[in-house]
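For what it's worth, the numbering used here labels the leading residue of the sequence shown as 485, then goes sequentially. Okay, structure first, notes after.
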Amino acid sequence: MKRLRSFFLFIKIAFKISPSYFVLLILGGLLSSGQIVANVLLPKYLVDELVRLTNQKIIAPGYAFKFGDIFTAFSQVFLFGALIVLANLLFGFLDKTHKRLLDVKTSYVDKMFPGEMAKKIMAVNYQYLEDPYYLDLKERALFAQTNQSALRNLVNAFAMIIQETITIIALITIMLTLSVYLLIALLITIGLILLIRIYFKNYQVSFMRSLIPVNRRYGYYMSLGFNFPYAKDIRLYDASDLILDHVKKYNETIMKSFLKNYQKLGLMTGFIRIINALQSAIIYLYIAFRTLGIWGEKISLGSFTMYVNSALRFSGSVTRFFDQFVTVSQMLDYLEPFMEFMSLEDEAEKKGNHVLTKIDSIRFENVSFAYPKSDKLVLENISFSIKAGERISIVGLNGAGKTTLIKLLCRLYKPQQGTIYVNDIDIQEYDSESYRKQITAVFQDFQMFAYSIEDNVTGVEPKDQEKLMHIFKQVGIYDKVMSLPNQAKTPLNKTYDEEGTELSGGELQKLAIARALYKDASLVILDEPTSALDPLAEAEIYQQFNDLVHDKTAIYISHRMSSSVFCDRILIIDGGKAVDYDTHQNLMQKKESLYYKLFMAQAKNYQIENGLKLKEHAV
Ligand SMILES: Nc1ncnc2c1ncn2[C@@H]1O[C@H](COP(=O)(O)OP(=O)(O)OP(=O)(O)O)[C@@H](O)[C@H]1O
Ligand SMILES: [Mg+2]
């Protein structure tokens, strides 16, 4: 059942990658049926015609040769002969061309599968990507794809199955016009052959498995001889004879096992040969009898050739079909993790009916959240609201839940309890694309890509050089960008371009801020955006903050307490709970509050630092 589901998923993905691949597969099947017409059906008419002519005794002894007569009499023979040659030429040509095309296409489809997986990783519900089970599943899925060439084998086997299925249908249709009993007899002999093959295949799997421990021992002793670090001990303890004895002994064991295996292989091949011979005997005997009019309606000599040909081909086709079928099911087993990964739910599947065009208000109402597979509430009963245009700072100790709160707002996770509203509508009800468009964020662990600085910052938004340069100036990276060989067109890092540049952590952070500001969103979230910046750059960003964010709503998370001073309100998170939500002035009045303590602790540091500096200057 699981395999069947995997199989359909495989077909679905392959079809998405390339519908024309399936057209090629069907064409391949039709072509092989065409070859049956050329080599099974047409010869029947040719033979029948020849027999008719022989019976009419057109070429009687003493006949005076006249070209015209011969031509008229043999016109049908020539016609069928020519048709057979032409059809073979045509199908031969088409078959070769088709095989080349299919090879190219198969390779394309095979190579696009990892691409589909990458697409899945980018589209899948974000929560899977932080869950160890799914991270491991991703690794296993990749392993199956790359190490066992499972996908390539699957794609190939699938192509053969389609081809053989169409051939088998065509052959059965022909044989049914003769006798259903012959077909049944053939199926029984084919079944016997398959049983022997299955038996041998299973035997071989266990044979290979039984060799693993011997091979490992053999490998160990062999490696001793090649390993320099052992050389001293081997000499001192005169171990070389012992080692070589072991190598010889294990090698002989392996050889004996292989001999036994080959005996079995020989036996199997012998049995199969016998059954094959039996099969041919049944085919020839039955059809010959029918040609003589015994056991049923008499058939012509032409039909004899056709049926014999079909029956022999049928056996080969069914065996090949079965082999490929086994490969498909084996590969589907290997690919189980891949298929499981590919059937995870996508974010886009969470489509809401509402389209978000601008954020006017944000409201958390009794929001509680625990990460999947964990009972620990990271956020507990959080309620607060933000109006459009406000600057909000979130303050709390490490692990308090600040980033988690942002992840919920970005819809990377769903709260277990409570609701987050934007413009008084539950955020889950928005169409995810339009929702994401209105939000931009710089995360603590933001990433930049190896393409150009400009592309990194503008992303999919239209490129506006003036706006870009303005933002570069605002975040203090303009001079640096201009000093690069290709300015904003310089690629970030040298991954695939020698001309690339390596920026410092702080410079990258400035770019990340620039990227967040460039996007035309109505909410900007900055999670520790200045952690890597030097004090001067940081102070500059703070001073310009209002200018930077412009008319957007902003949420700002920082451990530098001085940054909250310019925010309208500060949300204090302590152990997952919202303990305060007020202005800087009001919070500073509460001398017992966490905010006051944090603020004063840092202020003290600054005072000490300043004090030290003053002392240094004094000296
Ligand atoms: N993907 C995750 N799976 C399980 N637990 C997580 C995950 N991410 C974070 N946590 C836990 O949730 C709690 C809150 O983490 P969060 O990242 O929200 O804290 P934070 O307030 O942003 O801290 P910091 O100031 O260090 O950035 C922590 O105890 C953390 O261990
Ligand atoms: Mg955080």
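In this text, a Cβ means the ideal position worked out from N, Cα and C, and glycines have one as well.
Item	Value
Tyr704 versus Tyr683 - alpha carbon distance	32 Å
Simplified DSSP state of Ile767, which is helix, strand or coil	helix
Contact test: Lys886 Cβ vs ligand 2 heavy atom, cutoff 7 Å	yes
Leu635, enclosing alpha helix (DSSP H) - first and last residue	Ala634 to Leu660
Entirely enclosed beta strand (DSSP E) segments - the region 923-994, minimum 3 residues	923-926
Rounded straight-line distance, which links the Cα of Met826 to that of Gln611	15 Å
Where the alpha helix (DSSP H) through Val906 begins and ends	Looking at the DSSP string, Val906 is not in any alpha helix (DSSP H); the run it does join, the beta strand (DSSP E), is Gln901 to Val906.
Cross-strand partners of Ala1062 (DSSP beta bridge)	Ile1057
Phe491 versus Thr657 - alpha carbon distance	28 Å
Assigned exposure category for Lys1036 - 16 Cβ within 10 Å defines buried	buried
Burial state of Val965, where buried means 16 or more other Cβ atoms lie within 10 Å	buried
Where Glu917 sits in the DSSP three-state scheme	helix
Phe562 versus Leu530 - alpha carbon distance	9 Å
Nearest to Asn850 (by Cα), restricted to the options Asn523, Gly1060 and Asn637	Gly1060
Proximity below 8 Å, CB of Leu497 to CB of Phe597	It is Ile, not Leu, that sits at residue 497 in the sequence shown. Yes. Within cutoff.
Contact test: Ser517 Cβ vs ligand 1 heavy atom, cutoff 7 Å	no
Between the CA atoms of Gly512 and Ile646 - distance to the nearest angstrom	8 Å
Top-ranked residue by Cα proximity to Arg757, from Arg774, Arg489 and Ser799	Ser799
Three-state class that DSSP yields for Ala854 in the structure shown	strand
Same chain, Cβ closer than 7 Å to Thr811, neighbours up to 5 away in sequence not counted	Asn637 and Ala641
Where Asn609 falls, given that 16 or more other Cβ within 10 Å makes a residue buried	buried
Residue closest to Phe506, alpha-carbon to alpha-carbon, out of Leu585, Val1063 and Leu578	Leu585
Inter-residue Cα distance where the pair is Val731 and Gln747	24 Å
C-alpha gap between Asp722 and Phe710, whole angstroms	16 Å
Member of Asp532, Val521, Ile501 and Lys580 whose CA lies at the smallest distance from the CA of Thr590	Ile501
Simplified DSSP assignment, three categories, for Leu861	strand
Given Leu1032 as reference, the closest of Arg895, Gly873, Phe1083 and His1043 once Cα atoms are compared	Gly873
Sequence-distant residues of its chain with Cβ nearer than 8 Å to Ser813 (five each side left out)	Arg487
Of the listed residues Asp1058, Ser1047, Arg895 and Leu666, nearest to Arg920 (C-alpha basis)	Arg895
Cβ-based neighbour list, Ala634, same chain, cut-off 7 Å, excluding 5 preceding and 5 following	Ala628, Met815, Tyr818 and Leu819
Own chain residues within Cβ distance below 7 Å of Tyr855, not counting five before or after	Val862
Residue from Thr942, Val569 and Tyr791 whose Cα sits closest to the Cα of Lys528	Tyr791
Local Cβ density within 10 Å of Ile771, reported as buried at 16 or more and exposed below that	buried
Leu743 versus Tyr734: straight-line alpha-carbon distance, rounded	14 Å
Short CB-CB distance (under 8 Å) between Thr887 and chain C	The structure shown contains no chain C; it is built from a single protein chain.
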